[in-house]
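Single-structure report; data block below.
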Amino acid sequence: MKLLEPGETLDGFEVKANLHSGGMAHIYQVQYANGAPDPGFRMAMKVPRMATGDGAENIVGFEVEAQILQALSGPHVPRFVAAGDLTRVPYLVMEYIEGKPLQHWLDEARESRVRPSPETIARLGEAVASAVHSLHRQNVVHQDLKPANVMIRPGKDGIGGGVLLDFGLSYHGHYPDLLAEELRKAIGSPVWMAPEQVVGVRGDPRSDIFAVGVMLYELATGELPFGEPQTAGGLRQRMWMQPKPPRAWRSDIPPWLQEIILRCLEPEAAKRYPSAAHLALDLADPSLVKISDRAHEMQGASLGTHIKRWFKAAGMEYKPSPLPMEQIDQVPIVMVALPYKDVTDATLYSLRVAVNRALGSRPGARLACVTVISPSETSSTDAERSEGRVHSHHLERQKQWVRGVDLDGRQVSHHVLEAGDVAGAIIEYARGNHVTVIVMGAATHGLKLQAFKPTIPIKVAMEAPCTVILVKQELPFAQLSEVEA
Amino acid sequence: MKLALLSDIHANLQAFDACLADARARGATQFAFLGDLVGYGADPAPVVDRVMAMAAAGAWVLKGNHDALACHPPAVASDALGEMTASWTHAQLSEAQRRFLDELPLLHRDGSTLLVHASVDSPERWHYVHDGRGAGESLTAATEIAADIRHVFGGHVHRQMLYYQGQGRGLLEFAPTPGAAIPVPAHRRWVATIGSVGQPRDGRQEAMYALFDRDAAKLTFARVAYDHAAAAAAIRAAGLPEFFAERLSRGQ
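Chains A and B, in that order, give the protein sequences.
Heads up: the first sequence runs through residues 281 to 765, numbered per our numbering.
Heads up: the second sequence runs through residues 289 to 540, numbered per our numbering.
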């Protein structure tokens, strides 16, 4: 379709400015033509260059994007406004996202010849990973994440929440995949494409984690882990080849960042982060990163390793993916709220039993222990009650408690939060860290007031963004104490 | 128009009523019954009565292989499951009901929507559509009837599946999630098997049907819980083979 000029209207929308003319589509800033006020945000219109008559297959990506955008919600995708009839006037009107594409940080680093700090990279990465997780929870896999498709909203130090754009190659678990064909072929952008995408697997959320890894790698090193392959053979390299470790490019990259990046870039999806929530958790607090050998590597894998992987990759076959939501449900982040007063051994024991049950036999599950203390517990004048001391006391209690949990190699982290509103702090932590299930005592956190007002467990159960397990203390303990008395 | 598509009711009155109520609650404005009203189940006469009343009020009804069999049961029933209940069903139906079944059409077309019991490819031969190839043959036959056919809906195979054109030449198979409204825009061609109301066979007890919102171009496959124990009890009370009763609780 020809370029629209400012002032022209299309299906009730008036073009204000041409924002971008890409290879596939023009993007305009638009407003309602009848003078109606904007819907509370600025609007952008995307019009494909190809008209329907030019061959329907060229417009499939546009059709996919229109379908998927209408099915998505939340702060990490542009809000949908309108879609034109594909056979008449194909267009898509959506929220115009204020902010900068991730590409901006890459361009800035190239021009200034200064790489972004590890902390900046982690914050950008966390914003992107959180957005990606939100997408996966809606049963969508993006399949084409790259620095031009990821927007960062304005925020503290210029980094706010992440917003994902361009769903033309995306996969929705509840919709027929219009991009599929009997002979599976690679669909995606060669630089960021995951190995399984190369052999035509669609719908695996871990493919998006690989793409995030490629972006983090470039942010950290200024290089692309697998270059820009031009041939099918070049594309297949990533199925067995480990990229040059980031620290081999720049020795000042901290081991934790290399660990995160290389874990995202594992050729086998099962060896990557099991969900974007797990990745976001590590990026939010690098001290949680479980450092392995790969954090310290200064050169790539040996020839022997590559040959072994090559044989493994040669046998890689297409397997249909289960629904994205079902996949991430298998790798829950379990949060346990450990009370620090009014708590009996019986309750602590029962919490442990419940946590073991919630972790189940899932190897990818992860545990976060959280204690919320009152701000009055710490003091800036009394050294005995200094923040550091009080926190380390509670962390030590958590570590003792967790010894009875059957972790079996699964990752655990410890957190002490200070807040007057305990329920609010628990809910906020759960929301901010994409917690899958909260385990807490049914009668802890304000036991004495139980009869008079909604207690903390009730508030958490009502407002939490996830499942809440309220644990009752096991009977034998209660009987035991009665006998003693 | 919101078109409720129900097929393979198989004389299961409890499942049929549950699906009708669900479709009405979801705002169905037109009903279509894609054949096999009878066979296997204990209540052929009440089911056919309801369908005849709805047909008089404008519902579309097609003939299925079990309906044909109940009108003309084989003189000597073979061991085939379908034939075992045909004579019994025949005896349950009134002359008027049998005539109604016997005169049902094999196809119904409404605009770009084509309905059939099994496959549009020789509908009287009841070909099974259980893969992309079978769906493709049905679709090819449909476009020979009218080039502008976009949606072909059938039953017969007792499972819910959507077939569509991907990037390749043949039709691809998509297993729907019950309750999800799937966009099925009319610039593409679609074939759907909508499942069985009265005899689910995918290991779940819930009755199956589908709702096609033609204006929004969305297709929703539905599963509806019903009193399968009562349906099984009715089969036992009628003296029909235990197998037909027992399979309802297993959804097999």
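For each residue, glycine too, the CB sits at the ideal point set by N, CA and C.
Only a predicted model underlies this, so the values are computations on that prediction, with no experimental measurement involved.
Notebook entry, point to check: Between the C-alpha atoms of V740(A) and R535(B), what's the straight-line distance to the nearest angstrom?
Noted result: Computed Cα separation, rounded: 44 Å.
Note to self: For G483(B), tell me which candidate among G491(B), T431(B) and A495(B) has the shortest Cα-Cα distance.
What the structure shows: Nearest C-alpha to G483(B): A495(B).
Following the continuous beta strand (DSSP E) through N298(A), name the residue where it begins and the one where it ends.
According to the DSSP assignment, N298(A) belongs to the beta strand (DSSP E) that extends over F293 to S301.
> chain B partners of H454(A), CB-CB under 8 Å?
Replying inline: Simply P464, T465, A468 and I470.
_E764(A) to D625(A) span [Cα, whole Å]_ = Because E764(A) sits at a pLDDT of 47, beneath the cut-off of 50, its placement in the model cannot be relied upon, and the following sentence gives the value as read from the coordinates. E764(A) and D625(A) have their alpha carbons spaced roughly 15 Å apart.
- Item | Cβ contact (3+ pairs, closer than 8 Å) linking the stretch 608 to 618 of chain A and the stretch 549 to 566 of chain A | Under the three-pair Cβ rule at 8 Å, the stretch 608 to 618 of chain A counts as touching the stretch 549 to 566 of chain A.
Q. Is the CB of Q347(A) under 8 Å away from at least one CB in chain B?
A. Judged by the 8 Å Cβ criterion, Q347(A) is in contact with chain B.
_Between the alpha carbons of G486(B) and M720(A), how many angstroms are there, rounded?_
Taking C-alpha positions only, G486(B) is separated from M720(A) by approximately 45 Å.
Applying the criterion that 16 or more other CB atoms from any shown protein chain within 10 Å of the CB defines a buried residue, is G420(B) buried or exposed?
-> Per the 10 Å Cβ criterion, buried.
Mapping the DSSP letters down to three states, classify D437(A) as helix, strand or coil. Helix.
Original post:
Three-state secondary structure (DSSP) at G712(A)?
Top reply: If DSSP states are grouped into helix, strand and coil, G712(A) belongs with the helices.
inquiry  = With the cut-off set at 8 Å, would you say A411(A) and L444(A) are in Cβ contact?
reply    = Result yes, Cβ atoms of A411(A) and L444(A) sit closer than 8 Å.
With DSSP as the reference, identify every bridge partner of G721(A), one or two as the case may be. Paired residues: V751(A).
CA-to-CA distance, R646(A) to D688(A), given in whole angstroms = CA-CA distance, D688(A) to R646(A), rounds to 11 Å.
Item to complete: Could you tell me the distance, in whole angstroms, from the CA atom of S656(A) to the CA atom of L499(A)?
Response: Annotation: S656(A) to L499(A) spans about 42 Å, alpha carbon to alpha carbon.
Measuring alpha carbon to alpha carbon, tell me which of G456(B), V417(B), A517(B) and P334(B) ends up nearest E461(A).
The shortest C-alpha separation from E461(A) is found at G456(B).
Tell whether a beta-carbon distance below 8 Å holds between P523(A) and L545(A).
It is a contact, given that the beta carbons lie within the stated cut-off.
Query raised in the report: Do you know whose CA, among L350(B), A316(B) and Y328(B), lies nearest L394(B)'s CA?
Result: Of the candidates L350(B), A316(B) and Y328(B), the one whose C-alpha sits nearest the C-alpha of L394(B) is L350(B).
Practice task
Might you give, ordered along the chain, the residues of its own chain that have their beta carbon closer than 7 Å to the beta carbon of L628(A), omitting 5 neighbours on each side?
Solution key: The residues are W681.
Pull the bridge partners of D501(B) from the DSSP assignment, please.
Bridge partners of D501(B): K290(B) and K506(B).
What distance in whole Å lies between the Cβ atoms of V652(A) and V715(A), which are believed to be in contact at a cut-off of 8 Å?
-> Rounded, the Cβ-Cβ distance is 14 Å, inconsistent with contact.
Self-check item: Closer than 8 Å to chain A by CB, G455(B)
Solution: For clarity, residue 455(B) is Gln in the given sequence; the question names Gly instead. At least one CB atom of chain A sits nearer than 8 Å to the CB of Q455(B).
Among K570(A), I736(A), V295(A) and H452(A), which has the Cα closest to the Cα of R322(A)? Answer by Cα proximity: V295(A).
- Examine chain A for any beta-carbon lying closer than 8 Å to the beta-carbon of A309(B), and answer yes or no. Not one chain A Cβ lies under 8 Å of A309(B).
Among all the DSSP beta bridges, which residues are the ones paired with S693(A)? The secondary-structure analysis by DSSP pairs S693(A) across a beta bridge with A648(A).
What does DSSP give as the partner residues of E698(A) in its beta bridges? The bridge partners DSSP lists for E698(A) are I653(A).
Check your understanding: When you compare only the Cα positions, how much space is there between Q418(A) and C746(A)?
Key -> For Q418(A) and C746(A), the distance between alpha carbons rounds to 14 Å.
*Give a yes or no on whether the minimum CB-CB distance between V466(A) and chain B is below 8 Å.*
Correcting the residue type first, residue 466(A) is Ala in the shown sequence and not Val. With 8 Å as the cut-off, A466(A) does not count as an interface residue toward chain B.
Next item on the list: Check the Cβ-Cβ distances between L460(B) and every residue of chain A, and say whether any is below 8 Å.
Entry: Closer than 8 Å: yes.
- Query: When the distance is taken between beta carbons, is A722(A) closer than 8 Å to K752(A)?
  - Reply: Yes, the Cβ-Cβ distance between K752(A) and A722(A) is below 8 Å.
(Q) Let me check understanding here. Comparing Cα to Cα, which of K551(A), R665(A) and Q477(A) lies closest to R516(A)? (A) If we check each option's Cα against that of R516(A), Q477(A) comes out closest.
Exercise. Would you say L459(B) and V479(B) are within 8 Å of each other, going by their C-beta atoms?
Worked result: Contact flag set, yes.
field: Sequence-distant residues of its chain with Cβ nearer than 7 Å to V569(A) (five each side left out)
entry: Excluding residues within five positions, the ones whose Cβ falls inside 7 Å are W536, E539, I540 and D562.
- Would you be able to state if there are at least three C-beta pairs under 8 Å between the stretch 421 to 438 of chain A and the stretch 467 to 474 of chain A? Under the Cβ criterion (8 Å, minimum of three pairs), the stretch 467 to 474 of chain A counts as touching the stretch 421 to 438 of chain A.
Practice item. Note down, in chain order, every chain B residue with its Cβ under 8 Å from the Cβ of E461(A). Key: Think of a sphere of 8 Å around the beta carbon of E461(A): the chain B residues whose beta carbon falls inside it are G454, Q455, G456 and L460, in chain order.
> How is Q477(A) classed by DSSP in three states: helix, strand or coil?
Replying inline: Residue state, collapsed to three classes: helix.
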